[in-house]
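Asker: The structure is given below, and queries will be raised subsequently.
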Amino acid sequence: MAVRYELIKTCAQTGARLGRLHTPHGVIDTPTFMPVGTQATVKGMAPEELKELGAQIILSNTYHLFVRPGHELIREAGGLHGFMNWDRPILTDSGGFQVFSLAENRKITEEGVTFRSHLNGDKLFLSPEVATHVQNALGSDIMMAFDECPPYPAEYDYVKRSTERTSRWAERCLKAHERPHDQALFGIVQGGMFPELRRQSAADLTSLDFPGYAMGGLSVGEPKALMYEMLEETVPFLPAGKPRYLMGVGSPDALVEGSMRGIDMFDCVLPTRIARNGTVMTSQGRLVVRHAKYIRDFSPLDPECGCYACRHYSRAYIRHLIKADEMFGLRLTTIHNLHFLVELMRQVREAIREDRLRDFRNEFFEKYGMEGNESGF
Ligand SMILES: [Zn+2]
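If you use full-length UniProt numbering, the sequence shown corresponds to residues 1 to 377, in order.
And the structure:
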């Protein structure tokens with residue numbers, strides 16, 4: 001088996017899980033946040049910088065690498081680890097989500113999806129077999145099964161047909177997988193916002209005995225309360241001995257709430273995307289450092305943060321860099337946001353270890369300025 005999940009303990013206050021995920025490229029402490037490196041790079045960050053801020057695993061996107069530069073080129077380079085000089089664990093998605101959100105003129109059949117590249121209009125085809133073959137070439141530690149992510153909102157009948165097809169596709173991915181000894185293939189639970197379909201999907205996938213399970217089709221525009229309800233309806237049906245991954249979630253409040261509901265892994269472009277827009281996450285809430293009110297503010301982005309940016313640079317300086325279109329400014333906000341989420345997850349793990357995650361959640365939310373589910377993201 002390529003990966004092994006070790007459950008260390010469960011938080012007595014919440015049921016959150018403290019664990020370790022053992023992979024061919026190292027151990028990941030869970031719950032964990034995975035920075036996203038869509039084009040085989042976390043935008044603007046050297047691998048050494050990611051390590052320095054504590055990232056133990058990163059995610060890369062199969063769709064983008066399939067379209068450019070192509071998986072055979074990456075195989076030739078020694079896989080994604082060799083190509084991008086990252087020797088820690090990598091998770092790749094299956095390309096399903098991007099095909100459904102980015103590609104043009106897509107046509108779905110039982111066989112797979114035909115679509116046009118968002119770059120040059122080339123006609124391309126992805127199927128369970130192709131997505132698995134591509135990820136085998138990329139050599140990621142964790143691969144994802146090719147699925148359809150239904151939009152929100154969607155009709156029950158459509159989601160039912162789509163979810164059943166995703167289960168059939170998951171079985172085909174397992175059959176096509178050529179490297180189960182050193183790459184773990186995770187199944188993706190779909191089912192839209194229908195508890196009954198979520199449970200059916202979880203039952204279908206767990207019967208196939210994947211080494212890990214993801215919750216897909218969430219954080220697609222639905223209210224957060226509905227996402228949490230779907231987690232509560234589904235997570236109890238997933239095996240305790242396998243890791244659980246909530247896809248596309250990265251706002252601070254949802255990381256804490258997801259952990260409380262038994263999720264072990266998260267990923268999202270949010271911290272890096274908003275950083276490039278001059279917005280940072282801080283212990284006091286969201287801060288838009290481009291704003292004029294920071295013009296003479298010589299304090300760090302977050303007085304409580306120990307990241308490289310906060311140790312050495314002021315809001316005034318970073319604001320100046322961003323206004324002057326200097327790329328160093330966006331690197332500093334990126335370093336800070338990634339550090340903030342990696343550090344938040346470290347604190348979550350500590351709180352689970354001490355059976356006080358609910359207390360931690362309440363203190364964190366109060367300080368961050370959120371009541372209920374509004375984080376400003
Ligand atoms: Zn910082």
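From the three backbone atoms N, C-alpha and C, an ideal C-beta is built for every residue, glycine too.
Buried or exposed for Met230, going by 16 or more other Cβ atoms inside 10 Å?
Answerer: Stepping through the sequence shown from its first residue, residue 230 is reached at position 230. Its Cβ being crowded by 16 or more others within 10 Å, Met230 is buried.
Asker: Once the 5 residues before and after Ile322 are set aside, which same chain residues still bring their CB inside 8 Å of it?
Answerer: Indexing the sequence shown from 1 puts residue 322 at position 322. Same-chain partners within the cutoff: Gly278, Val289, Arg290, Gly329, Leu330, Thr333.
Asker: Enumerate, from N- to C-terminal direction, the unbroken alpha helix (DSSP H) stretches of 4 or more residues contained entirely within the region 209-274.
Answerer: Within the region 209-274, the complete alpha helix (DSSP H) runs of at least 4 residues are 224-234, 252-260.
Asker: Looking at the strands, I want to know which residues DSSP matches up with Ser60.
Answerer: Locating residue 60 in the sequence shown gives position 60, where the first residue counts as 1. Looking at the DSSP assignment, Ser60 forms a beta bridge with Thr92.
Asker: So, is Asp204 buried or exposed, given that buried needs 16 or more other C-beta atoms within 10 angstroms?
Answerer: Taking the sequence shown and counting its residues from 1, one reaches residue 204 at position 204. Buried, because 16 or more other Cβ atoms sit within 10 Å of the Cβ of Asp204.
Asker: Can you give me the start and stop residues for the beta strand (DSSP E) that Arg361 sits inside?
Answerer: Here residue 361 refers to the residue found at position 361 of the sequence shown. Segment 357-368 is the alpha helix (DSSP H) holding Arg361; no beta strand (DSSP E) there.
Asker: Roughly how many angstroms lie between the CA atoms of Gln13 and Asp122, to the nearest whole one?
Answerer: One-based indexing of the sequence shown puts residue 13 at position 13. One-based indexing of the sequence shown puts residue 122 at position 122. Taking the straight line joining both Cα atoms gives about 52 Å.
Asker: Is Tyr313 helix, strand or coil when you go by DSSP?
Answerer: In the sequence shown, counting from the first residue as 1, residue 313 sits at position 313. Coil, per DSSP.
Asker: Residues in the same chain with beta-carbon distance under 6 Å from Thr30, minus the five sequence neighbours each way, listed in chain order, please.
Answerer: Numbered from its first residue, the sequence shown carries residue 30 at position 30. Closer than 6 Å at the Cβ level, and outside the excluded window around Thr30, lie Gly19, Leu21, Asp264.
Asker: Taking its Cβ as the centre, do 16 or more other Cβ atoms sit within 10 Å of Thr32, making it buried, or is it exposed?
Answerer: Residue 32 sits at position 32 when you count from the first residue of the sequence shown. Buried: at least 16 other Cβ atoms inside 10 Å.
Asker: So, is Glu326 buried or exposed, given that buried needs 16 or more other C-beta atoms within 10 angstroms?
Answerer: If you number the sequence shown from 1, residue 326 lands on position 326. Exposed: under 16 other Cβ atoms inside 10 Å.
Asker: Does the Cβ of Ala40 have 16 or more other Cβ atoms within 10 Å, making it buried, or fewer, making it exposed?
Answerer: If you number the sequence shown from 1, residue 40 lands on position 40. With 16 or more Cβ atoms within 10 Å of its Cβ, Ala40 is classed as buried.
Asker: Quick check: the Cα distance between Ala16 and Arg361, rounded to an integer number of angstroms?
Answerer: Taking the sequence shown and counting its residues from 1, one reaches residue 16 at position 16. Taking the sequence shown and counting its residues from 1, one reaches residue 361 at position 361. Taking the straight line from one Cα to the other gives about 12 Å.
Asker: Counting C-beta neighbours from all protein chains within 10 Å, is the total for Arg244 16 or more, i.e. buried, or is it exposed?
Answerer: Position 244 of the sequence shown holds residue 244. So Arg244 counts as buried.
Asker: Any chance you could list the residues with Cβ under 6 Å from a heavy atom of ligand 1, keeping chain order?
Answerer: This selection yields Leu301, Asp302, Cys305, Cys307, Ala309, Cys310, His336, His339.
Asker: Over what stretch of residues does the beta strand (DSSP E) that includes Phe193 continue unbroken?
Answerer: For the purposes of this step, residue 193 is identified with residue 193 of the sequence shown, where counting begins at 1. It is worth fixing the name first, because residue 193 is Met in this sequence and not Phe. Segment: none, Met193 is in no beta strand (DSSP E) and carries neither H nor E.
Asker: Quick one: give me the first and last residue of the beta strand (DSSP E) that Gly26 is part of.
Answerer: Working through the sequence shown from its first residue, we reach residue 26 at position 26. Per DSSP, Gly26 belongs to the beta strand (DSSP E) from 26-30.
Asker: Taking the alpha carbon of Ser299 as the reference point, which residue from Gly212, Gly95, Ala316 has its own alpha carbon closest?
Answerer: As a position in the sequence shown, residue 299 is number 299, starting the count at 1. Ranking the options by Cα distance to Ser299, first place goes to Ala316.
Asker: Which ranges does the beta strand (DSSP E) cover as unbroken runs of at least 3 residues, wholly within the region 111-146, from first to last along the chain?
Answerer: Those beta strand (DSSP E) runs which fall completely within the region 111-146 and span 3+ residues are 113-116, 123-126, 142-144.
Asker: By DSSP's criteria, His71 is part of a beta bridge. Which residues make up the other side?
Answerer: Here the question's residue 71 lines up with position 71 in the sequence shown. Paired residues: none, contrary to the question.
Asker: Compute the Euclidean distance between the alpha carbons of Gln200 and Val27, then round it to the nearest angstrom.
Answerer: Residue 200 sits at position 200 when you count from the first residue of the sequence shown. Residue 27 sits at position 27 when you count from the first residue of the sequence shown. Going by the C-alpha atoms only, they are around 32 Å apart.
Asker: Our contact map puts Tyr368 next to Ser283 with C-beta atoms below 8 Å; I'd like the distance itself, whole angstroms only.
Answerer: Here residue 368 is taken as the residue at index 368 of the sequence shown, counted from 1. Here residue 283 is taken as the residue at index 283 of the sequence shown, counted from 1. Their Cβ separation, rounded to whole angstroms, is 7 Å, which keeps Tyr368 and Ser283 in contact under 8 Å.
Asker: Is there contact here, the region 181-201 with the region 234-244, by at least three beta-carbon pairs under 8 Å?
Answerer: The answer is yes - the region 234-244 touches the region 181-201, with three or more Cβ pairs under 8 Å.
Asker: Which whole-angstrom value describes the C-beta separation of Thr132 and His177, a residue pair presumed to lie in contact below a C-beta threshold of 8 Å?
Answerer: Working through the sequence shown from its first residue, we reach residue 132 at position 132. Working through the sequence shown from its first residue, we reach residue 177 at position 177. The Cβ separation is near 5 Å, so the contact holds.
Asker: When you compare the region 134-143 with the region 78-90, are there three or more beta-carbon pairs, one atom per stretch, that lie closer than 8 Å?
Answerer: Taking 8 Å as the limit for Cβ pairs, the verdict is that the region 78-90 does touch the region 134-143.
Asker: May I have the straight-line CA-CA distance separating Leu341 from Pro271, to the nearest angstrom?
Answerer: Reading the sequence shown from its first residue, position 341 is the one you call residue 341. Reading the sequence shown from its first residue, position 271 is the one you call residue 271. Looking at the two C-alpha atoms, the distance is approximately 8 Å.
Asker: Straight-line CA distance for Leu238 to Ser94?
Answerer: As a working mapping, residue 238 is identified with position 238 in the sequence shown. As a working mapping, residue 94 is identified with position 94 in the sequence shown. Roughly 21 Å between the two C-alpha positions.
Asker: Return the first residue and the last residue of the beta strand (DSSP E) that Met281 is part of.
Answerer: One-based indexing of the sequence shown puts residue 281 at position 281. Taken as a continuous stretch (DSSP letters only), the beta strand (DSSP E) holding Met281 covers 279-282.
Asker: How is His22 classed by DSSP in three states: helix, strand or coil?
Answerer: Here residue 22 refers to the residue found at position 22 of the sequence shown. His22: strand per DSSP, three-state reduction.
Asker: Which same chain residues, not among the five before or five after His71, have their C-beta less than 7 Å away from its C-beta?
Answerer: Locating residue 71 in the sequence shown gives position 71, counting from the first residue. Around His71: Leu65, Val134, Ala137, Leu138.
Asker: Would Gly191 pass as a contact of Val220 if the rule is Cβ separation under 8 Å?
Answerer: Walking along the sequence shown from the start, residue 191 turns up at place 191. Walking along the sequence shown from the start, residue 220 turns up at place 220. Not in contact: Gly191 and Val220 (Cβ atoms no closer than 8 Å).
Asker: Excluding the 5 residues preceding and the 5 following Phe210 in the sequence, name in chain order all residues of the same chain whose CB lies nearer than 6 Å to its CB.
Answerer: In the sequence shown, residue 210 corresponds to position 210, counting from 1. For Phe210, where only same-chain residues beyond five positions count, the Cβ hits under 6 Å are Phe186, Gly187.
Asker: Would you kindly check if the distance between the Cβ of Ala202 and the Cβ of Thr234 is under 8 Å?
Answerer: Counted from its first residue, the sequence shown places residue 234 at position 234. Counted from its first residue, the sequence shown places residue 202 at position 202. In contact: Thr234 and Ala202 (Cβ atoms closer than 8 Å).
Asker: How is Arg4 classed by DSSP in three states: helix, strand or coil?
Answerer: If you number the sequence shown from 1, residue 4 lands on position 4. Arg4 falls in the strand class under three-state DSSP.
Asker: By how many angstroms is the C-alpha of Arg346 removed from the C-alpha of Arg4?
Answerer: The residue you call residue 4 lines up with position 4 of the sequence shown. The residue you call residue 346 lines up with position 346 of the sequence shown. Roughly 21 Å between the two C-alpha positions.
Asker: Residues in the same chain with beta-carbon distance under 6 Å from Leu287, minus the five sequence neighbours each way, listed in chain order, please.
Answerer: Start at 1 with the first residue of the sequence shown, and residue 287 comes out as number 287. Counting only Cβ-Cβ distances below 6 Å, and skipping sequence neighbours, we find Val280.
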